[in-house]
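Student:
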Amino acid sequence: MASPAQSARTDAAAPEIARTDEAGTAKADADEIRPDEGLLAEVNRRLASSGLGDAVRTLVSDALAVVATGTDGHGGSPAKGAVLKSVTVQGFRGIGPARTLDVPPGPGLTVVTGRNGSGKSSFAEGIEVALTGANRRWLGDDGKPAHPVQQRGWRNLHHPREPRIDLEILVPGRTAPLTVTRTWAGETFTDSQSRVAGLSAEPASVSALGWDEALHTFRPILSYSELGQMMTAKPVRMYDALATILGLGPLSAARQHLAEREKTLAQPGKRAKAALEELRTVLAATDDDRARAAAAALAAPVDPERVREVLAGTRAADSAELARLRRLADLDGPDPVAVTAAAERLRIAATAADDAHLSDAGDARARADLLDRALLHHQRHRTDASCPVCGEARLDEAWAARAAEQIEILREEAAAAEVAASRLRSARGGLLALIGGPPVYLPDAMRPMWETWTACREISGADVLAASAEKAAQELAEACRQVRAQAEQELAAQDERWLRVVPQLAEWLRDYDAAAAAKELIVRVKAALEWLKDVQADLRGSRMRNVAETAGMIWRLLCQESSVSLGSIELKGSERYNGRSLELDVTVDDVEAPALSVVSQGELFSLALALFLPRATAADSPFGFVVIDDPVQSMDPRKVEGLAKVLAAVAATRQVVVFSHDTRLADVLRYHRIPATVLGVTRHDRSDVEVHPAGDPVEAALGDARQAVRDLSSEPDVLAEVLPGLCRVALEAAFHEVVMRRAFGPGTTLREALKIEEDVDGSGKLVQLAALALFGERRSTGAVYAELTQRLGREASDLVSWCNRGSHTAVDVRRPMAQVDRTRRVAENVRSL
Numbered sequence: 006m007a008s009p010a011q012s013a014r015t016d017a018a019a020p021e022i023a024r025t026d027e028a029g030t031a032k033a034d035a036d037e038i039r040p041d042e043g044l045l046a047e048v049n050r051r052l053a054s055s056g057l058g059d060a061v062r063t064l065v066s067d068a069l070a071v072v073a074t075g076t077d078g079h080g081g082s083p084a085k086g087a088v089l090k091s092v093t094v095q096g097f098r099g100i101g102p103a104r105t106l107d108v109p110p111g112p113g114l115t116v117v118t119g120r121n122g123s124g125k126s127s128f129a130e131g132i133e134v135a136l137t138g139a140n141r142r143w144l145g146d147d148g149k150p151a152h153p154v155q156q157r158g159w160r161n162l163h164h165p166r167e168p169r170i171d172l173e174i175l176v177p178g179r180t181a182p183l184t185v186t187r188t189w190a191g192e193t194f195t196d197s198q199s200r201v202a203g204l205s206a207e208p209a210s211v212s213a214l215g216w217d218e219a220l221h222t223f224r225p226i227l228s229y230s231e232l233g234q235m236m237t238a239k240p241v242r243m244y245d246a247l248a249t250i251l252g253l254g255p256l257s258a259a260r261q262h263l264a265e266r267e268k269t270l271a272q273p274g275k276r277a278k279a280a281l282e283e284l285r286t287v288l289a290a291t292d293d294d295r296a297r298a299a300a301a302a303l304a305a306p307v308d309p310e311r312v313r314e315v316l317a318g319t320r321a322a323d324s325a326e327l328a329r330l331r332r333l334a335d336l337d338g339p340d341p342v343a344v345t346a347a348a349e350r351l352r353i354a355a356t357a358a359d360d361a362h363l364s365d366a367g368d369a370r371a372r373a374d375l376l377d378r379a380l381l382h383h384q385r386h387r388t389d390a391s392c393p394v395c396g397e398a399r400l401d402e403a404w405a406a407r408a409a410e411q412i413e414i415l416r417e418e419a420a421a422a423e424v425a426a427s428r429l430r431s432a433r434g435g436l437l438a439l440i441g442g443p444p445v446y447l448p449d450a451m452r453p454m455w456e457t458w459t460a461c462r463e464i465s466g467a468d469v470l471a472a473s474a475e476k477a478a479q480e481l482a483e484a485c486r487q488v489r490a491q492a493e494q495e496l497a498a499q500d501e502r503w504l505r506v507v508p509q510l511a512e513w514l515r516d517y518d519a520a521a522a523a524k525e526l527i528v529r530v531k532a533a534l535e536w537l538k539d540v541q542a543d544l545r546g547s548r549m550r551n552v553a554e555t556a557g558m559i560w561r562l563l564c565q566e567s568s569v570s571l572g573s574i575e576l577k578g579s580e581r582y583n584g585r586s587l588e589l590d591v592t593v594d595d596v597e598a599p600a601l602s603v604v605s606q607g608e609l610f611s612l613a614l615a616l617f618l619p620r621a622t623a624a625d626s627p628f629g630f631v632v633i634d635d636p637v638q639s640m641d642p643r644k645v646e647g648l649a650k651v652l653a654a655v656a657a658t659r660q661v662v663v664f665s666h667d668t669r670l671a672d673v674l675r676y677h678r679i680p681a682t683v684l685g686v687t688r689h690d691r692s693d694v695e696v697h698p699a700g701d702p703v704e705a706a707l708g709d710a711r712q713a714v715r716d717l718s719s720e721p722d723v724l725a726e727v728l729p730g731l732c733r734v735a736l737e738a739a740f741h742e743v744v745m746r747r748a749f750g751p752g753t754t755l756r757e758a759l760k761i762e763e764d765v766d767g768s769g770k771l772v773q774l775a776a777l778a779l780f781g782e783r784r785s786t787g788a789v790y791a792e793l794t795q796r797l798g799r800e801a802s803d804l805v806s807w808c809n810r811g812s813h814t815a816v817d818v819r820r821p822m823a824q825v826d827r828t829r830r831v832a833e834n835v836r837s838l
């Protein structure tokens with residue numbers, strides 16, 4: 006058999022990350038992204054040249070065809086290259102009134118900065134929630150809610166009504182953006198609705214985008230909480246997260262198809278084997294010649310033909326006869342006690358009806374009605390006392406009194422008669438309800454007796470009906486009792502145990518025959534499965550090497566000067582193995598070590614990024630964007646510098662949006678002159694969030710100073726308090742840039758860079774920060790002023806002194822705009838150090 010590990014293009018899973026030169030500048034590599042030749046086509050080519058037999062090749066080919074048909078049946082692939090245009094958030098998390106974050110479309114890097122609590126991460130979470138309906142920071146390792154307390158705070162406290170997220174997405178080939186909107190009608194976070202506008206004439210669900218699977222496989226969003234979870238998650242989850250991007254799902258599906266077929270074919274044999282011992286025990290306990298013959302046939306070695314002969318000798322009518330006898334043993338006739346009680350009620354009701362003169366009820370009511378009309382005539386014609394019928398009798402007041410009394414008597418008689426009639430009808434109906442029809446399996450000999458019983462329904466006289474029903478019920482009930490007794494005797498005579506074992510024996514024989522027929526096919530299916538397993542392992546290894554190479558490149562950029570090295574990345578086990586895991590070849594100073602036990606928190610985050618980015622930027626991903634929330638935390642200066650270079654490399658082919666409260670990333674981007682759009686997010690009172698450009702902190706501070714001069718021109722006292730502080734901010738930003746440039750500059754060791762960061766964090770005054778920029782260490786105030794004068798002129802030292810005095814006492818601001826211009830000149834000179 007030919008080895009499946011034959012030459013093939015296996016780079017379909019190669020991530021779209023541009024190479025970087027040593028300076029961190031992104032360089033497109035034409036060989037980095039190659040089109041996938043088609044997984045199924047490649048496997049079919051290997052199949053054609055394999056040494057498999059025709060039958061096994063057909064099984065593999067059929068399994069691949071089923072997978073291809075299933076794939077095609079789901080419609081076309083989702084549009085690729087989708088990028089973000091904007092996200093608008095209202096009443097969600099830290100954002101109150103609706104605010105929009107516009108993102109430059111297409112490849113490029115956008116950094117959104119803001120202190121903790123500014124609302125910047127609410128934009129990042131808004132993107133995630135709009136697309137997925139979930140927030141991973143609230144989910145545990147198993148994907149289930151793990152932080153119910155946090156989840157209850159999803160509504161903004163200051164703007165709780167009508168929470169809403171609108172995400173605008175640009176898709177190649179469409180002139181207008183698609184808008185994904187998520188709203189909430191209920192109080193819980195999970196009670197949300199989503200729709201997409203622009204995809205069709207009517208709004209559609211998010212699933213209509215075709216990204217449900219891609220959002221899991223090529224997840225383009227990485228939150229801060231996920232950075233930690235990725236490397237501390239269960240090995241199975243880490244395995245699955247990377248295995249999906251290799252594009253080998255169709256082979257897994259084909260193997261699953263064959264495995265299910267093998268399982269189906271093997272079921273009869275497993276059932277026959279499992280039932281054999283119990284069947285032998287049952288037959289041994291059955292005192293019957295046929296049972297003994299069957300037991301001998303099932304002794305090793307099994308003789309299925311002898312079992313077949315024994316079963317053929319059992320009369321087919323036996324089972325039908327047994328069923329008939331069992332039905333007769335359960336035969337139910339009338340209940341004589343209930344019939345007697347019903348008959349007695351009928352007799353009592355009939356007697357009461359007779360006593361009430363049932364036949365005179367109608368006459369009594371008619372006479373009462375006639376007298377009622379005559380009385381009404383009398384009341385209308387009191388002056389005419391003659392009878393309107395005969396003309397002779399007198400209808401006077403005495404007659405009217407007698408008539409009224411007679412009417413009441415007649416109506417009482419009629420009412421009593423009607424009650425008696427109603428009770429008679431009810432009693433008759435109760436008795437008739439007990440007279441049921443015969444069952445379909447009734448013996449012919451009993452049918453005349455049952456017909457006599459049912460004929461009672463036609464008897465009209467109450468007494469006759471009661472007597473006839475009682476007599477027929479007694480006789481029929483006794484006949485049914487005798488039939489039941491006879492059937493029970495015949496059942497006892499039958500060898501019920503043998504008849505009970507016959508179905509069990511017949512079922513075993515059917516399973517044995519099916520297993521024998523499937524034996525050769527199972528061998529071929531196993532061979533097909535083994536061949537596909539080897540092919541998938543070979544393709545997985547070669548494709549995984551591409552991912553590992555990219556992850557290694559990212560790691561080397563992120564972890565410069567680290568003693569921890571990342572080697573190979575391997576997927577151990579198969580998709581169906583519960584013990585599958587992701588294994589990382591990690592060494593510390595060339596000595597093997599467990600990955601998670603030797604890395605720092607910053608290195609842990611770097612490792613998570615190294616594994617996330619190849620997945621998010623895989624060539625098969627439909628997403629042209631990557632969103633990362635707060636990746637800078639716990640990173641030392643060298644890792645921040647490496648992160649900037651990695652992001653620049655990704656941004657050469659992808660839209661990259663990074664949210665961070667740490668300003669060092671923006672500092673590094675400026676120092677390395679890496680193109681990026683830097684935006685700031687500021688939170689005002691009552692969750693009113695503002696998004697603004699935040700590119701150059703020196704220029705931003707100078708702009709604020711100029712605006713203050715214009716706004717406070719008529720309030721010089723207030724301006725004297727405000728302007729020195731604004732100018733001070735501009736100078737601090739300039740000195741800070743010089744210090745951080747040294748920290749990230751060539752020739753600075755990691756230890757030195759960490760010392761610089763520590764000194765910056767501890768420098769609470771402008772003079773101390775200036776000392777770090779001028780000397781690289783702390784010096785006295787006099788030394789700082791002298792060095793400023795010598796290197797930048799008296800204007801610089803005077804300005805620093807003016808800013809310092811302005812924070813404590815009133816200073817001269819008679820020419821405020823000139824002071825701002827002076828600050829600009831000094832800041833430019835400082836930045837040139």
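Numbering (my numbering), first residue to last: 6 to 838. Ideal Cβ placement from N, Cα and C applies to all residues, glycine included. Predicted model only: the values in this text are computed from it and were never measured.
Suppose contacts are defined by Cβ-Cβ distances below 8 Å. Is A778 in contact with V743 by that definition?
Tutor: Here residue 778 refers to the residue found at position 773 of the sequence shown. Here residue 743 refers to the residue found at position 738 of the sequence shown. Yes, Cβ-Cβ distance for A778 and V743 is below 8 Å.
Student: Would you list the one or two residues that DSSP bridges to W189?
Tutor: Along the sequence shown, one-based indexing puts residue 189 at 184. Beta-bridge pairing links W189 to S197.
Student: Is the region 253-269 close to the region 470-485, with three or more CB pairs under 8 Å?
Tutor: At 8 Å Cβ cutoff, the stretches do not touch.
Student: Just tell me which of L774, E833 and P627 has its CA closest to the CA of N809.
Tutor: Taking the sequence shown and counting its residues from 1, one reaches residue 809 at position 804. Residue L774 is the option with its Cα nearest to N809.
Student: Let me know the secondary structure DSSP gives K90 once reduced to three states.
Tutor: Within the sequence shown, residue 90 is the residue found at index 85, counting from 1. If DSSP states are grouped into helix, strand and coil, K90 belongs with the strands.
Student: At what residues does the alpha helix (DSSP H) containing T105 begin and finish?
Tutor: Reading the sequence shown from its first residue, position 100 is the one you call residue 105. Careful: T105 lies outside any alpha helix (DSSP H), inside the beta strand (DSSP E) at R104 to D107.
Student: Are L439 and A347 close, meaning C-beta to C-beta below 8 Å?
Tutor: Translated into the one-based positions of the sequence shown, residue 439 becomes position 434. Translated into the one-based positions of the sequence shown, residue 347 becomes position 342. Yes; because the gap between Cβ atoms is below 8 Å, this pair is in contact.
Student: How do the region 115-130 and the region 664-671 stand: do at least 3 beta-carbon pairs fall below 8 Å, yes or no?
Tutor: Segments in contact, yes.
Student: Just the C-alpha distance for L330 and A492, rounded to the nearest angstrom, thanks.
Tutor: Numbered from 1 along the sequence shown, position 325 holds the residue referred to as residue 330. Numbered from 1 along the sequence shown, position 487 holds the residue referred to as residue 492. Computed Cα separation, rounded: 5 Å.
Student: At 4 residues or longer, and completely inside the region 697-727: list those alpha helix (DSSP H) runs for me, N to C.
Tutor: Qualifying alpha helix (DSSP H) stretches, in chain order: 702-716.
Student: With DSSP as the reference, label A321 as helix, strand or coil.
Tutor: Here the question's residue 321 lines up with position 316 in the sequence shown. A caution first: A321 carries a pLDDT of 40, below 50, which makes its placement in the model unreliable, though a value can still be read off. It is coil, neither helix nor strand.
Student: Is the region 165-178 touching the region 82-99, taking contact as three or more C-beta pairs under 8 Å?
Tutor: They touch, by the three-pair rule.
Student: With DSSP as the reference, identify every bridge partner of R169, one or two as the case may be.
Tutor: To locate residue 169, count along the sequence shown from 1; it is residue 164. According to DSSP, which records beta bridges pairwise, R169 is partnered with Q95 and T188.
Student: Tell me, please, whether the CB atom of V645 is closer than 8 Å to any CB atom in chain D?
Tutor: Of the protein chains in the structure, only one exists, and it is not chain D.
Student: Starting from D4, trace the alpha helix (DSSP H) both ways and give me its first and last residue.
Tutor: Nothing in the structure corresponds to residue 4, since the chain is present only between 6 and 838.
Student: K650 by DSSP, collapsed to three states: which one?
Tutor: One-based indexing of the sequence shown puts residue 650 at position 645. DSSP places K650 in helix when its eight states are reduced to three.
Student: So, with DSSP's three-state summary, where would you put L336?
Tutor: Counting from one through the sequence shown, the residue named residue 336 turns up at place 331. The answer is coil: DSSP assigns L336 none of H, G, I, E or B.
Student: For N239, does the three-state DSSP call read helix, strand or coil?
Tutor: Looking up residue 239 in the sequence shown gives position 234. The question names Asn, but residue 239 is Lys in the sequence shown. It is coil, neither helix nor strand.
Student: Mind checking which residues open and close the alpha helix (DSSP H) that includes F780?
Tutor: Residue 780 sits at position 775 when you count from the first residue of the sequence shown. Where F780 is concerned, the enclosing alpha helix (DSSP H) stretches over L771 to F780.
Student: Which one or two residues does DSSP pair with S586 in a beta bridge?
Tutor: To locate residue 586, count along the sequence shown from 1; it is residue 581. BP columns for S586 point to K577.
Student: I believe L886 touches L736 by the beta-carbon criterion, under 8 Å. Please report the beta-carbon distance rounded to the nearest angstrom.
Tutor: No information on residue 886 is available, as it lies outside the stretch 6 to 838 that the chain covers here.
Student: Please report how far the alpha carbon of V211 lies from the alpha carbon of L136, in whole angstroms.
Tutor: Counted from its first residue, the sequence shown places residue 211 at position 206. Counted from its first residue, the sequence shown places residue 136 at position 131. If I take the Cα positions, the gap works out to 7 Å.
Student: CA-CA distance, Q565 and A613?
Tutor: As a first step, residue 565 must be located in the sequence shown, where it is residue number 560. As a first step, residue 613 must be located in the sequence shown, where it is residue number 608. Their backbone Cα atoms lie some 16 Å apart in a straight line.
Student: Between which two residues does the alpha helix (DSSP H) harbouring V342 extend?
Tutor: The count along the sequence shown starts at 1 and reaches residue 342 at position 337. First-last of the alpha helix (DSSP H) with V342: P341 to D360.
Student: Secondary structure at R515, three-state DSSP: helix, strand or coil?
Tutor: As a first step, residue 515 must be located in the sequence shown, where it is residue number 510. Helix at R515.
Student: Assign T180 to one of two classes, buried (16 or more other C-beta atoms within 10 Å of its C-beta) or exposed (fewer than that).
Tutor: What you label residue 180 is simply residue 175 of the sequence shown in a count that begins at 1. With fewer than 16 other Cβ atoms within 10 Å, it is exposed.
Student: When you compare only the Cα positions, how much space is there between G119 and A103?
Tutor: Counting from 1 along the sequence shown, the entry for residue 119 is found at position 114. Counting from 1 along the sequence shown, the entry for residue 103 is found at position 98. Answer to the nearest angstrom: the Cα atoms are 18 Å apart.
Student: Sort out for me which residues DSSP pairs T222 with in a bridge.
Tutor: Mapped onto the sequence shown, residue 222 falls at position 217. DSSP output for T222 lists no bridge partner at all.
Student: Spatial neighbours of N140 within its chain, please: CB distance less than 7 Å, with the 5 preceding and 5 following residues excluded, ordered by chain position.
Tutor: By 1-based counting over the sequence shown, the position of residue 140 is 135. E130, E133 and V134.
Student: Is the separation between the beta-carbon of V312 and that of A299 shorter than 8 Å?
Tutor: Reading the sequence shown from its first residue, position 307 is the one you call residue 312. Reading the sequence shown from its first residue, position 294 is the one you call residue 299. In contact: V312 and A299 (Cβ atoms closer than 8 Å).
Student: With a threshold of 16 other CB atoms inside 10 Å of the CB of K524, please say whether the residue is buried or exposed.
Tutor: Taking the first residue of the sequence shown as position 1, residue 524 is located at position 519. Exposed is the call here.
Student: Name the DSSP beta bridge partners of Q660, please?
Tutor: If you number the sequence shown from 1, residue 660 lands on position 655. Answer is G113 and F630.
Student: Specify the secondary structure class of I679 as computed by DSSP and reduced to three states.
Tutor: Start at 1 with the first residue of the sequence shown, and residue 679 comes out as number 674. I679: coil per DSSP, three-state reduction.
Student: Where does T687 fall in DSSP's three states?
Tutor: Position 682 of the sequence shown, counted from the first residue, corresponds to residue 687. If DSSP states are grouped into helix, strand and coil, T687 belongs with the strands.
Student: Near E495, which residues of its chain fall below 8 Å by C-beta distance, leaving aside the five closest residues on each side in sequence?
Tutor: Here the question's residue 495 lines up with position 490 in the sequence shown. Correct list, in chain order: L330.
Student: Thinking just about the alpha-carbon of each residue, which of S785, F780 and G811 is nearest to the one in R796?
Tutor: Counted from its first residue, the sequence shown places residue 796 at position 791. That would be F780, whose Cα lies nearest to the Cα of R796.
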